[in-house]
Structure formats: structure tokens, C-alpha cells
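Notes follow once the structure below has been shown.
Protein chains in written order, with my numbering: chain F, 1 to 218; chain R, 1001 to 1108.
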């Protein structure tokens, strides 16, 4: 006998990411999931944003790495609450790991949660963490063909942040090509060009994050 | 992923009072990082000793749907940023990211 099921796998079975969603909704916390290749500047961008956030006290950060708490230590110096997840054998943060971290944190004053996923453009794209929006980073040193090679992450991200733009004069990176490919993958994607070193582009990104956050949390 | 599939398969099988699950049809988009051979291996390993023991996993590939302003609709096996037919740049790309259980074949 044949049974028609027509059920999507991740939506049906992922209890942990649903639990994260309801925890965030209850506390009106806006959550961003930062995804990129290793070395494209996720931690540096988060640090640069923290330096400029007015309501920094309302920001909490969760760092995901296979090993070490080097990134959490960097973030801690900026005076915000931070948790490190070591994913060990996993190349991405699992929803259950994030849920565990959030349950250990004091989120009473938190308005914005930044999750820095493990550096990887493939697997994190496959695993929703209950976030409100994904932020994919692409540094200009990585090459402009990335949206074509890793379409899923670009298709599912609300924001695309092109990082290290101060290096544009020294590398062969066609910003227009990336913008075009990213828009084909996701016509609604919002694209920002930033340099955490010079600070260029950061205010616009910060304003957008703040607008998205206050739309949810007031 | 294999575990999630098995969970849904078993609950559907139980709901229909199945004696065993003969096969499972999945729809997997070409953009997903799913290796069919690995998935089948893991599924059959996890299904051992359950109603789905020995069930065959059939994977239907879901292509990317390309809509081109110049030449209409077409399909592609990978992400495209120009029309695979006429090489035009005025395209939109949809689909290719499904991960669904389509149906089960069960014995009652």
C-alpha cells in the first residue's frame, strides 16, 4: 500500500530548533546566524559591530568552533555575554547545542543574539537554528564565484555582507558579479559592503540590524 | 537527517498499522548537500530492527527551475546565473532546495 506523506524533513522533525524559536519569541530576542568560510572575518565583523552598538548591553553572542574558545575570549573583551560551543566532530552548530547554550545563559536583558557558526559554507546552510535571519559573509579575498559554488547558503540568507573591502584594490574580485549572482539566488537579499579595518559600510549594516531587531522586539 | 527521516517514516507506518515498510521515496533538491549513498547507508543502519528494516530509499532529484525573460522556463541540475539555454542574464532561479518524504510503500 502506498501512503502519500509530502512532509519536509527539517520542518517536521527538528524539535530543538523549534524550541529555540519559541524561547527567542517569548523573550523577544532577535537572532542572527552568521555563516561564512573560515577566515572571512565573522569574529572581526562581530567585534567591529559591538564597538559601535549603542545598546551593547542587550547583545549576547554564541560562538561555534570545532575546537578552542579563542573567539569567545575575543568577544568577551568587548563586555558582552558570550558562550562558546565546541562542536568537535560536527562542521556546524547543531540546534540542540545552541539550545543547551541558550538555556545556560542569562538572557533577561538580551535583545539581540548573534550566533557565529562554524566556518563552513556547506553544512551550516543545511541546518536552521531557529534564527530570525541568516547573515552570509563573503570576503573579497575568497573570490567572486562563491555564490555560484555554494548557492544554498546565498539562497537562504537575508543579508549578504561583503567583507575586507579595503583589500579590493589588491585582488581580482568583481563586486557586481557577486551582487548579480546573489540576487539570482535570492532576489530579496540585502547586500552590504564593509571593511572592519576602515569602518567603511559598518554604519549602514548596523542601522539595518537595529531596524530588524526593533521590528521584532520593539 | 537519516534519523529524522526514519522518525517520520516510523510514525507514518505505525499510524497506518504497517507490518513493514517496503520503500521510502524522498525528494531531494540538487542544491542540498546530500550524498545519496551515505544517506541510504545511514538510513538502513538506523532502521535495523524497526518496521523499516530493509526498506529501500528511493531518491528523486528535484532540479532548479530557471525562468528566463528571453526564452521561458527551463530546468538545471545546478545553480545557474545565466540561462542554460540562451545564456541570457535576465533569469530567476527557484527550487532545488527540497528535502521531503514524498511517500511510503508499506505492507499491512
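We treat Cβ as the ideally placed atom computed from N, Cα and C, and that holds for glycine.
Cα-Cα, which of the options is closest to residue i?
{"i": "residue 1026/R", "options": "1070/R, 1020/R, 1040/R", "result": "1040/R"}
{"i": "residue 181/F", "options": "149/F, 163/F, 169/F", "result": "149/F"}
{"i": "residue 1033/R", "options": "18/F, 175/F, 120/F", "result": "120/F"}
{"i": "residue 1088/R", "options": "1101/R, 1078/R, 1068/R", "result": "1068/R"}
{"i": "residue 26/F", "options": "107/F, 48/F, 157/F", "result": "107/F"}
{"i": "residue 158/F", "options": "4/F, 15/F, 1/F, 33/F", "result": "33/F"}
{"i": "residue 1029/R", "options": "1016/R, 1097/R, 1107/R, 1103/R", "result": "1097/R"}
{"i": "residue 114/F", "options": "202/F, 87/F, 215/F, 83/F", "result": "83/F"}
{"i": "residue 55/F", "options": "40/F, 167/F, 80/F", "result": "80/F"}
{"i": "residue 189/F", "options": "156/F, 66/F, 167/F", "result": "156/F"}
{"i": "residue 1021/R", "options": "1090/R, 1063/R, 1005/R", "result": "1005/R"}
{"i": "residue 41/F", "options": "165/F, 127/F, 20/F", "result": "165/F"}
{"i": "residue 127/F", "options": "45/F, 20/F, 143/F", "result": "20/F"}
{"i": "residue 208/F", "options": "72/F, 53/F, 22/F", "result": "53/F"}
{"i": "residue 47/F", "options": "116/F, 100/F, 37/F, 101/F", "result": "116/F"}
{"i": "residue 1008/R", "options": "1043/R, 1060/R, 1036/R, 1079/R", "result": "1043/R"}
{"i": "residue 110/F", "options": "118/F, 73/F, 60/F", "result": "60/F"}
{"i": "residue 221/F", "options": "77/F, 175/F, 78/F", "result": "The requested residue 221/F is not part of the displayed model; chain F covers only 1 to 218."}
{"i": "residue 151/F", "options": "217/F, 186/F, 132/F, 163/F", "result": "186/F"}
{"i": "residue 1047/R", "options": "1010/R, 1086/R, 1058/R, 1091/R", "result": "1010/R"}
{"i": "residue 1090/R", "options": "1103/R, 1072/R, 1058/R, 1062/R", "result": "1072/R"}
{"i": "residue 194/F", "options": "183/F, 216/F, 163/F", "result": "163/F"}
{"i": "residue 71/F", "options": "45/F, 6/F, 102/F", "result": "45/F"}
{"i": "residue 51/F", "options": "216/F, 169/F, 206/F", "result": "206/F"}
{"i": "residue 38/F", "options": "178/F, 215/F, 138/F", "result": "138/F"}
{"i": "residue 1013/R", "options": "1086/R, 1053/R, 1031/R", "result": "1053/R"}
{"i": "residue 1060/R", "options": "1036/R, 1108/R, 1107/R, 1081/R", "result": "1036/R"}
{"i": "residue 966/R", "options": "1082/R, 1057/R, 1084/R", "result": "For residue 966/R there is no data in the structure shown, the boundaries of chain R being 1001 and 1108."}
Can you give the beta carbon distance from residue i to residue j, rounded, assuming they're within the 8 Å contact cut?
{"i": "residue 63/F", "j": "residue 85/F", "result": "7 Å"}
{"i": "residue 1172/R", "j": "residue 1024/R", "result": "One cannot answer for residue 1172/R here, as it falls past the ends of chain R, which runs 1001 to 1108."}
{"i": "residue 17/F", "j": "residue 129/F", "result": "6 Å"}
{"i": "residue 173/F", "j": "residue 122/F", "result": "Going by Cβ atoms, the distance from residue 173/F to residue 122/F rounds to 21 Å, so no, they are not a contact pair."}
{"i": "residue 98/F", "j": "residue 213/F", "result": "Not quite, the Cβ-Cβ distance comes to about 18 Å (not below 8 Å), so this is no contact."}
{"i": "residue 125/F", "j": "residue 35/F", "result": "7 Å"}
{"i": "residue 1075/R", "j": "residue 1093/R", "result": "Rounded, the Cβ-Cβ distance is 10 Å, inconsistent with contact."}
{"i": "residue 118/F", "j": "residue 184/F", "result": "27 Å between Cβ atoms; not a contact."}
{"i": "residue 2/F", "j": "residue 1105/R", "result": "6 Å"}
Can you tell me which residues form a DSSP beta bridge with residue i?
{"i": "residue 1065/R", "result": "1075/R, 1094/R"}
{"i": "residue 64/F", "result": "85/F"}
{"i": "residue 191/F", "result": "160/F"}
{"i": "residue 1106/R", "result": "1021/R"}
{"i": "residue 31/F", "result": "113/F"}
{"i": "residue 139/F", "result": "163/F"}
{"i": "residue 8/F", "result": "1100/R"}
{"i": "residue 59/F", "result": "112/F"}
{"i": "residue 252/F", "result": "Residue 252/F lies beyond the range of chain F shown here (1 to 218); nothing can be said about it."}
{"i": "residue 1059/R", "result": "1026/R"}
{"i": "residue 133/F", "result": "32/F"}
{"i": "residue 3/F", "result": "1104/R"}
Can you pull the chain F neighbours of residue i, defined as C-beta to C-beta under 8 Å?
{"i": "residue 1092/R", "result": "184, 187"}
{"i": "residue 1016/R", "result": "1, 3"}
{"i": "residue 1059/R", "result": "Those do not exist, as residue 1059/R stays about 12 Å from chain F at its closest Cβ, beyond 8 Å."}
Mind listing the chain F neighbours of residue i? Cutoff is C-beta to C-beta under 9 Å, in chain order.
{"i": "residue 1041/R", "result": "What residue 1041/R touches in chain F: nothing, since even the nearest Cβ is about 17 Å away."}
{"i": "residue 1012/R", "result": "3, 5, 7"}
{"i": "residue 1105/R", "result": "1, 2, 3"}
Please compile the residues from chain F whose C-beta is within a distance smaller than 7 Å of the C-beta of residue i.
{"i": "residue 1102/R", "result": "5, 6"}
{"i": "residue 1075/R", "result": "Result: empty, since nearest Cβ-Cβ is about 15 Å, beyond 7 Å."}
{"i": "residue 1067/R", "result": "The contacting residues do not exist; residue 1067/R stays about 11 Å from chain F at best."}
By the criterion of Cβ-Cβ separation under 8 Å, what are the contact partners of residue i in chain R?
{"i": "residue 152/F", "result": "1031, 1032, 1033, 1097"}
{"i": "residue 181/F", "result": "1081"}
Strictly below 9 Å CB to CB, what residues from chain R border residue i?
{"i": "residue 123/F", "result": "1033"}
{"i": "residue 155/F", "result": "1031, 1079, 1093, 1096, 1097"}
{"i": "residue 126/F", "result": "1001, 1032, 1033, 1034, 1099"}
Show which residues of chain R have a CB atom less than 7 Å away from the CB atom of residue i.
{"i": "residue 142/F", "result": "Here the premise fails: no neighbours, minimum Cβ distance about 17 Å."}
{"i": "residue 148/F", "result": "1079, 1081"}
Does the beta-carbon of residue i, which I'm using as the reference point, lie nearer than 7 Å to any heavy atom of the ligand MN?
{"i": "residue 154/F", "result": "Annotation note on the ligand MN: not contained in the displayed structure, which lists no ligands."}
Mind the definition here: the stretch 184-201 of chain F touches the stretch 1012-1023 of chain R only if three or more C-beta pairs lie below 8 Å; say whether that holds. no
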